[in-house]
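Numbered according to our numbering, the sequence shown spans residues 3 to 322.
Worksheet: one structure, shown below.
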Amino acid sequence: MKNILVIGSTGQIGSELTMKLRREIPGSTVVAGYIPGAEPKGILLESGPAEIADVRDGATLAGIVARYRIDTIYNLAALLSAVAERKPLLAWDIQMNGLLNILEVAREKGCAVFTPSSIGSFGPETPHDGTPQDTIQRPRSMYGVTKVATELLSDYYFHKYGVDTRSVRFPGLISYVTPPGGGTTDYSVEMYYAAVKGEVYTCPIGAGTFMDMMYMADALRAAVQLMEADPARLRHRNAFNIASMSFDPEILAAAIRRQIPSFTFKYDVDPVRQAIANSWPDRLDDRCAREEWDWAPQFDIDRMTTEMIAGLRKKFGIQA
Ligand code: SER
Numbered sequence: 003m004k005n006i007l008v009i010g011s012t013g014q015i016g017s018e019l020t021m022k023l024r025r026e027i028p029g030s031t032v033v034a035g036y037i038p039g040a041e042p043k044g045i046l047l048e049s050g051p052a053e054i055a056d057v058r059d060g061a062t063l064a065g066i067v068a069r070y071r072i073d074t075i076y077n078l079a080a081l082l083s084a085v086a087e088r089k090p091l092l093a094w095d096i097q098m099n100g101l102l103n104i105l106e107v108a109r110e111k112g113c114a115v116f117t118p119s120s121i122g123s124f125g126p127e128t129p130h131d132g133t134p135q136d137t138i139q140r141p142r143s144m145y146g147v148t149k150v151a152t153e154l155l156s157d158y159y160f161h162k163y164g165v166d167t168r169s170v171r172f173p174g175l176i177s178y179v180t181p182p183g184g185g186t187t188d189y190s191v192e193m194y195y196a197a198v199k200g201e202v203y204t205c206p207i208g209a210g211t212f213m214d215m216m217y218m219a220d221a222l223r224a225a226v227q228l229m230e231a232d233p234a235r236l237r238h239r240n241a242f243n244i245a246s247m248s249f250d251p252e253i254l255a256a257a258i259r260r261q262i263p264s265f266t267f268k269y270d271v272d273p274v275r276q277a278i279a280n281s282w283p284d285r286l287d288d289r290c291a292r293e294e295w296d297w298a299p300q301f302d303i304d305r306m307t308t309e310m311i312a313g314l315r316k317k318f319g320i321q322a
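Here it is, written out as structure tokens:
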């Protein structure tokens with residue numbers, strides 16, 4: 003993994019993953035792929051090359067891969083679950099036609115490919131507590147449909163053509179750098195922003211709704227560690243359950259109150275996001291990832307909360 007293309011480099015995951023790869027992989031060239039309207043700025047723009055890389059334009063992707071001799075592609079282009087329900091055809095176009103373009107380029111040029119799956123790849127019939135690695139999926143959301151298809155198509159390209167595809171099922175990802183947009187798990191990030199700004203938060207997900215969540219530092223480490231793992235140990239590829247914490251809005255609010263006692267919130271449940279959340283697992287079983295590539299999270303809810311509050315206070319210039 004030396005010459006890397008990150009597609010979606012200005013998004014929630016990409017903005018941090020691009021910088022981590024540039025910092026941590028010696029001698030690497032990490033190309034920040036973006037779409038017009040979401041241009042890289044600041045350190046992301048200054049620290050390495052950037053190219054327009056719309057997944058729906060296979061010819062341009064092939065040009066970038068050839069020009070920079072790309073060997074690894076992190077494909078982070080996606081519409082999240084709630085926005086994909088509003089724009090299902092666009093979600094399909096980006097997530098499926100886009101993936102097909104990437105896999106074809108990877109097949110021709112010999113690239114490894116990481117395309118995240120999600121807790122959203124599961125559905126109402128999935129066992130919700132201790133969700134096994136290999137189990138019934140059958141999601142009801144367009145986001146979930148595209149994520150299951152992503153897993154299958156990525157495995158297909160591995161088995162049929164030997165393309166080195168690997169992936170994880172990300173939980174809801176929490177960070178203070180770039181906000182997510184249009185996801186069902188976004189409430190957790192929003193709650194931190196409100197708490198640090200001293201605002202009362204209105205939560206769209208109801209009490210008692212448990213979902214897997216993860217601090218961004220753990221999620222980025224998982225992606226890089228899996229792409230660097232010894233392939234001989236991998237019995238699974240697309241995609242590994244990974245987990246670090248599971249909570250509902252009450253538990254998150256209590257963790258925030260341990261550090262900001264004045265924080266308050268109320269509920270105004272959004273039926274679309276609540277229905278999606280109800281169909282997703284409460285807690286994944288991630289033993290396969292632990293056994294096959296030594297996955298181990300480092301952040302629990304309190305350590306994450308300390309970093310989130312400190313990071314957001316710094317970002318907004320707010321004194322403790
Ligand atoms: N965080 C995503 C969402 O809520 C799930 O992977 O849509």
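Here a beta-carbon is modelled for each residue, glycine too, at the ideal position from N, C-alpha and C.
So, is residue i buried or exposed, given that buried needs 16 or more other C-beta atoms within 10 angstroms?
i: Pro28; result: exposed
i: Gly100; result: buried
i: Glu87; result: buried
i: Thr266; result: exposed
i: Gly200; result: exposed
i: Glu293; result: exposed
i: Lys316; result: exposed
i: Gly338; result: In this structure the chain extends from 3 to 322, so residue 338 is not present and cannot be described.
i: Ile138; result: exposed
i: Asp296; result: exposed
i: Val179; result: exposed
i: Gln321; result: exposed
i: Ile45; result: exposed
i: Ala241; result: buried
i: Glu26; result: exposed
i: Ala257; result: buried
i: Asp214; result: buried
i: Ser123; result: buried
i: Lys43; result: exposed
i: Pro126; result: exposed
i: Ser17; result: buried
i: Leu102; result: exposed
i: Gly132; result: exposed
i: Pro299; result: buried
i: Ile183; result: For the record, residue 183 in the displayed sequence is Gly; it is not Ile. That one is exposed.
i: Gly13; result: buried
i: Asp136; result: exposed
Of all the options the options, which has the alpha carbon lying nearest to the alpha carbon of residue i?
i: Gly164; options: Tyr36, Pro233 and Ala225; result: Pro233
i: Phe116; options: Glu309, Ile6, Ala312 and Lys316; result: Ile6
i: Ser30; options: Ser17, Val191, Ala84 and Ser49; result: Ser49
i: Arg289; options: Leu236, Val57 and Arg275; result: Leu236
i: Arg260; options: Leu46, Ile303 and Val107; result: Ile303
i: Phe301; options: Thr12, Ile45 and Ile176; result: Ile176
i: Ala209; options: Gln276, Met247, Tyr145 and Tyr194; result: Gln276
i: Met2; options: Met193, Phe160, Leu92 and Asp166; result: Residue 2 lies beyond the stretch modelled for the chain, which goes from 3 to 322, so this question has no answer here.
i: Pro134; options: Arg168, Ile75 and Trp282; result: Trp282
i: Phe249; options: Tyr178, Ser190 and Gly183; result: Ser190
i: Ile262; options: Ala219, Arg142 and Ala197; result: Ala197
i: His130; options: Leu254, Glu252 and Asn243; result: Asn243
i: Ala84; options: Arg142, Asp166 and Leu254; result: Arg142
i: Val274; options: Thr186, Leu254 and Tyr217; result: Thr186
i: Ile72; options: Gly35, Tyr203, Pro42 and Gly183; result: Gly35
i: Ser11; options: Ala114, Leu47 and Glu26; result: Leu47
i: Gly112; options: Leu222, Phe160 and Gly132; result: Phe160
i: Asp270; options: Tyr194, Tyr203, Arg285 and Ile258; result: Tyr203
i: Ser193; options: Val107, Glu18, Tyr70 and Glu252; result: Rather than Ser, the amino acid found at residue 193 in this sequence is Met. Of the candidates Val107, Glu18, Tyr70 and Glu252, the one whose C-alpha sits nearest the C-alpha of Met193 is Glu252.
i: Glu41; options: Asp136, Ile9, Gly313 and Ile258; result: Ile9
i: Asp329; options: Leu105, Pro206, Phe172 and Ala279; result: Past the edges of the chain, shown from 3 to 322, lies residue 329, and the structure says nothing about it.
i: Lys268; options: Phe172, Ser17, Ala255 and Ile37; result: Ala255
i: Arg239; options: Glu230, Gly60 and Ser246; result: Glu230
i: Asn280; options: Ser264, Leu314, Thr211 and Tyr217; result: Thr211
i: Met247; options: Leu228, Leu286 and Tyr70; result: Leu286
i: Gln227; options: Gly183, Ser169, Met216 and Tyr217; result: Ser169
i: Lys4; options: Ile75, Ile311 and Gly319; result: Ile75
i: Met216; options: Asp188, Asp166, Gly183 and Pro173; result: Pro173
i: Arg2; options: Gly146, Tyr195 and Lys162; result: Because the chain spans 3 through 322 in this model, residue 2 falls outside it and cannot be assessed.
i: Lys89; options: Gly13, Thr148 and Tyr70; result: Thr148
i: Ile278; options: Ala245, Arg140, Pro51 and Leu105; result: Arg140
i: Thr167; options: Ile37, Ser264 and Val107; result: Val107
i: Gly60; options: Gly13, Leu105 and Ala291; result: Leu105
Using only Cβ atoms and a threshold of 6 Å, which residues come within that distance of a heavy atom of the ligand SER? Order them by chain position. Taking each Cβ in turn, the ones that pass are Leu82, Ser83, Ser120, Ile121, Gly122, Tyr145, Phe172, Gly174, Gly185, Thr186 and Thr187.
Within the chosen definition, does the region 146-165 reach the region 295-308 through at least 3 CB pairs nearer than 8 Å? no
Check whether the region 49-59 touches the region 112-129, counting contact only when three or more Cβ pairs, one atom from each stretch, lie closer than 8 Å. Because the criterion of three Cβ pairs below 8 Å is not met, the region 49-59 and the region 112-129 do not touch.
Ignoring anything shorter than 3 residues, give me the beta strand (DSSP E) runs that lie fully in the region 16-62, in order along the chain. 31-36 and 52-54
Count Cβ pairs between the region 15-23 and the region 60-70 that sit closer than 8 Å; are there 3 or more? no
Taking only runs that begin and end inside the region 125-206, name each unbroken beta strand (DSSP E) of 3 or more residues, in chain order. 131-133, 170-172, 174-176 and 203-205
Please specify which runs of the beta strand (DSSP E), each continuous and at least 3 residues long, are wholly inside the region 77-134, giving them in chain order. As far as the region 77-134 is concerned, its whole beta strand (DSSP E) runs of at least 3 residues are 114-116 and 131-133.
Should the region 95-114 be called in touch with the region 68-86, which here means at least 3 C-beta pairs below 8 Å? yes
Would you list, in sequence order, the uninterrupted alpha helix (DSSP H) runs of no fewer than 4 residues that lie entirely inside the region 247-289? 251-259 and 273-281
Which complete beta strand (DSSP E) runs does the region 202-240 hold, if anything under 3 residues is left out? 203-205 and 213-217
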